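**Q**
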Amino acid sequence: MKDGSHSTVFNRKDFSMDALQKIAFKRSVILTGSVLALLLLMLVALSQGSSGISFRQMAVALMDSNDEIVHQIVFKIRLPRILAAVLAGAALSVSGAVIQTVIRNPLGSPYTLGLSAASMFGAALAIVTLGYLAQMGMAQNLQHNPYIVTASAFVFGLLCALLITGFARWGGATPETLVMAGIILSALFGSATSLMQYVSNDVELAAIVSWMFGDLGKATIQNTWLVFFIVLPSIAWFLLNTFNLSTSVPAMK
Numbered sequence: 001m002k003d004g005s006h007s008t009v010f011n012r013k014d015f016s017m018d019a020l021q022k023i024a025f026k027r028s029v030i031l032t033g034s035v036l037a038l039l040l041l042m043l044v045a046l047s048q049g050s051s052g053i054s055f056r057q058m059a060v061a062l063m064d065s066n067d068e069i070v071h072q073i074v075f076k077i078r079l080p081r082i083l084a085a086v087l088a089g090a091a092l093s094v095s096g097a098v099i100q101t102v103i104r105n106p107l108g109s110p111y112t113l114g115l116s117a118a119s120m121f122g123a124a125l126a127i128v129t130l131g132y133l134a135q136m137g138m139a140q141n142l143q144h145n146p147y148i149v150t151a152s153a154f155v156f157g158l159l160c161a162l163l164i165t166g167f168a169r170w171g172g173a174t175p176e177t178l179v180m181a182g183i184i185l186s187a188l189f190g191s192a193t194s195l196m197q198y199v200s201n202d203v204e205l206a207a208i209v210s211w212m213f214g215d216l217g218k219a220t221i222q223n224t225w226l227v228f229f230i231v232l233p234s235i236a237w238f239l240l241n242t243f244n245l246s247t248s249v250p251a252m253k
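Numbering (the UniProt record's numbering), first residue to last: 1 to 253.
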């Protein structure tokens, strides 16, 4: 009884209002510090590169566009890449947290569930298909269209997500078996991507490898705004539905 009473008191202390306020304060401090560190790193990244630009020159370029060279380097080259990197990192981190919450497994991620491998296969399939059509004299204008490759990657990633969701809802899967199913799908899509690399020519193979590794060098203000209007509303929606995510897969135990 004595041990039980001590355990009860301990649990009450853990879930008291003071304890919750301390946890909320610690998280606020960590979040604020992380945001400030991110802003500082963004400023440092703006000043780094093959063309040496001091903080003074960078500040002048941000407020005045008289120095055309510095303005072009800061706004047309470095800033889009930095914003694209921040948005991509935010999307990956939030997607990982959402997946772990939904499937109730800390190992859940776009990689372990096969979503990344499926997206890679979709991109590789689009690159090879567009290259083949261009060689046949068809769809030559579409061969270098990045939005088609991105759309194909999104469709196959969505298809993999639907397969995982269907397996969870109708198969009565546990969090562990979901991860195992994702690893199997990742292996299958990875093999299919290797096949696309095998049948591709040198140009297509270079494009596939570049897409797989990622490249911020092609980021522009226009496509960065597109990513912004996709990522930010998605993050806001997940934040507003935080308490509903844990019950989104009722079949899992």
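C-beta atoms are modelled at their ideal positions from N, C-alpha and C, and glycine is treated no differently.
Since the structure is predicted, the reported quantities are computational estimates derived from the model, not experimental observations.
What is the residue span of the alpha helix (DSSP H) that residue 81 lies within?
**A** Your numbering for residue 81 matches position 81 in the sequence shown. Element bounds for residue 81: 79–103.
**Q** Cutting at 7 angstroms between CB atoms, please list the residues of its own chain near residue 20, excluding the five before and the five after it.
**A** As a working mapping, residue 20 is identified with position 20 in the sequence shown. Excluding residues within five positions, none has a Cβ falling inside 7 angstroms.
**Q** Given a cut-off of 8 angstroms on the beta-carbon distance, is the pair residue 113 and residue 184 in contact?
**A** As a working mapping, residue 113 is identified with position 113 in the sequence shown. As a working mapping, residue 184 is identified with position 184 in the sequence shown. No; because the gap between Cβ atoms is not below 8 angstroms, this pair is not in contact.
**Q** Is residue 136 helix, strand or coil by DSSP?
**A** Against the sequence shown, residue 136 aligns to sequence position 136. The answer is coil: DSSP assigns residue 136 none of H, G, I, E or B.
**Q** Quick one: Cα of residue 54 to Cα of residue 47, how far?
**A** Indexing the sequence shown from 1 puts residue 54 at position 54. Indexing the sequence shown from 1 puts residue 47 at position 47. If you take the alpha carbons of residue 54 and residue 47, they lie about 6 angstroms apart.
**Q** Hey, residue 63 and residue 124 are a contact pair by Cβ (cut 8 angstroms); roughly how many whole angstroms apart?
**A** Residue 63 sits at position 63 when you count from the first residue of the sequence shown. Residue 124 sits at position 124 when you count from the first residue of the sequence shown. 44 angstroms between Cβ atoms; not a contact.
**Q** Is it right to say residue 78 is buried, meaning 16 or more other beta carbons lie within 10 angstroms of its own, or is it exposed?
**A** On the sequence shown, position 78 is the one that residue 78 refers to. Burial call: buried.
**Q** If we call anything under 8 angstroms between Cβ atoms a contact, is residue 189 one with residue 118?
**A** In the sequence shown, counting from the first residue as 1, residue 189 sits at position 189. In the sequence shown, counting from the first residue as 1, residue 118 sits at position 118. For residue 189 and residue 118, yes; Cβs fall inside 8 angstroms.
**Q** In terms of residue numbering, what span does the alpha helix (DSSP H) encompassing residue 202 cover?
**A** As a working note, residue 202 is residue 202 in the sequence shown. Here the alpha helix (DSSP H) through residue 202 covers 202–213.
**Q** Please look up how many angstroms separate the CB atoms of residue 105 and residue 179, rounded, as I've assumed it's under 8 angstroms.
**A** Stepping through the sequence shown from its first residue, residue 105 is reached at position 105. Stepping through the sequence shown from its first residue, residue 179 is reached at position 179. With a Cβ gap of about 6 angstroms, residue 105 and residue 179 count as contacting.
**Q** Assign residue 114 to one of three DSSP states: helix, strand, or coil.
**A** Taking the first residue of the sequence shown as position 1, residue 114 is located at position 114. Residue 114 falls in the coil class under three-state DSSP.
**Q** Just to confirm, is the Cβ distance from residue 110 to residue 221 under 8 angstroms?
**A** Here residue 110 is taken as the residue at index 110 of the sequence shown, counted from 1. Here residue 221 is taken as the residue at index 221 of the sequence shown, counted from 1. For residue 110 and residue 221, no; Cβs fall outside 8 angstroms.
**Q** Please name the residue in 42, 58, 181 whose C-alpha comes closest to that of residue 85.
**A** Stepping through the sequence shown from its first residue, residue 85 is reached at position 85. The shortest Cα separation from residue 85 among 42, 58, 181 belongs to 42.
**Q** Alpha helix (DSSP H) containing residue 74: first to last residue?
**A** Working through the sequence shown from its first residue, we reach residue 74 at position 74. That residue, residue 74, is in no alpha helix (DSSP H); it is neither H nor E in DSSP.
**Q** Which residue's Cα is closest to the Cα of residue 122: 151, 146, 35?
**A** Here the question's residue 122 lines up with position 122 in the sequence shown. Closest by alpha carbon: 151.
**Q** Do residue 30 and residue 51 have their C-beta atoms closer together than 8 angstroms?
**A** Counting from one through the sequence shown, the residue named residue 30 turns up at place 30. Counting from one through the sequence shown, the residue named residue 51 turns up at place 51. Not closer than 8 angstroms, so no.
**Q** Would you identify the three-state DSSP class for residue 175, choosing helix, strand or coil?
**A** Numbered from 1 along the sequence shown, position 175 holds the residue referred to as residue 175. Correct three-state label for residue 175: helix.
**Q** If you reduce the DSSP assignment to three classes, tell me which class residue 106 lands in.
**A** Taking the sequence shown and counting its residues from 1, the one referred to as residue 106 is at position 106. Residue state, collapsed to three classes: coil.
**Q** Report yes if the CB atom of residue 32 is closer than 8 angstroms to the CB atom of residue 245, and no otherwise.
**A** In the sequence shown, counting from the first residue as 1, residue 32 sits at position 32. In the sequence shown, counting from the first residue as 1, residue 245 sits at position 245. Contact: no.
**Q** Please classify residue 211 as buried or exposed, where buried requires at least 16 other C-beta atoms within 10 Å of its C-beta.
**A** Along the sequence shown, one-based indexing puts residue 211 at 211. Per the 10 Å Cβ criterion, buried.
**Q** Please report the Cβ distance between residue 103 and residue 175, rounded to the nearest whole angstrom; I am assuming they are in contact, meaning their Cβ atoms lie under 8 angstroms.
**A** For the purposes of this step, residue 103 is taken as the residue at position 103 of the sequence shown. For the purposes of this step, residue 175 is taken as the residue at position 175 of the sequence shown. Right, their Cβ atoms sit about 5 angstroms apart.
**Q** Secondary structure at residue 4, three-state DSSP: helix, strand or coil?
**A** For this step, residue 4 is matched to residue 4 along the sequence shown. In this prediction, residue 4 has a pLDDT of 47, which is less than 50 and means its spatial position is unreliable; nothing more can be read from the coordinates.
**Q** Is residue 270 helix, strand or coil when you go by DSSP?
**A** Outside the modelled stretch of the chain, which goes from 1 to 253, sits residue 270, for which no answer is possible.
**Q** For residue 156, which residues in the same chain have their Cβ closer than 7 angstroms to its Cβ, ignoring the five residues on either side in sequence?
**A** Counted from its first residue, the sequence shown places residue 156 at position 156. Once the five neighbours on either side are set aside, the close Cβ partners of residue 156 are 118, 119, 121, 122.
**Q** Can you name, in chain order, every residue of its own chain whose Cβ lies under 6 angstroms from the Cβ of residue 181, other than the five neighbours on each side?
**A** Stepping through the sequence shown from its first residue, residue 181 is reached at position 181. Counting only Cβ-Cβ distances below 6 angstroms, and skipping sequence neighbours, we find 167.
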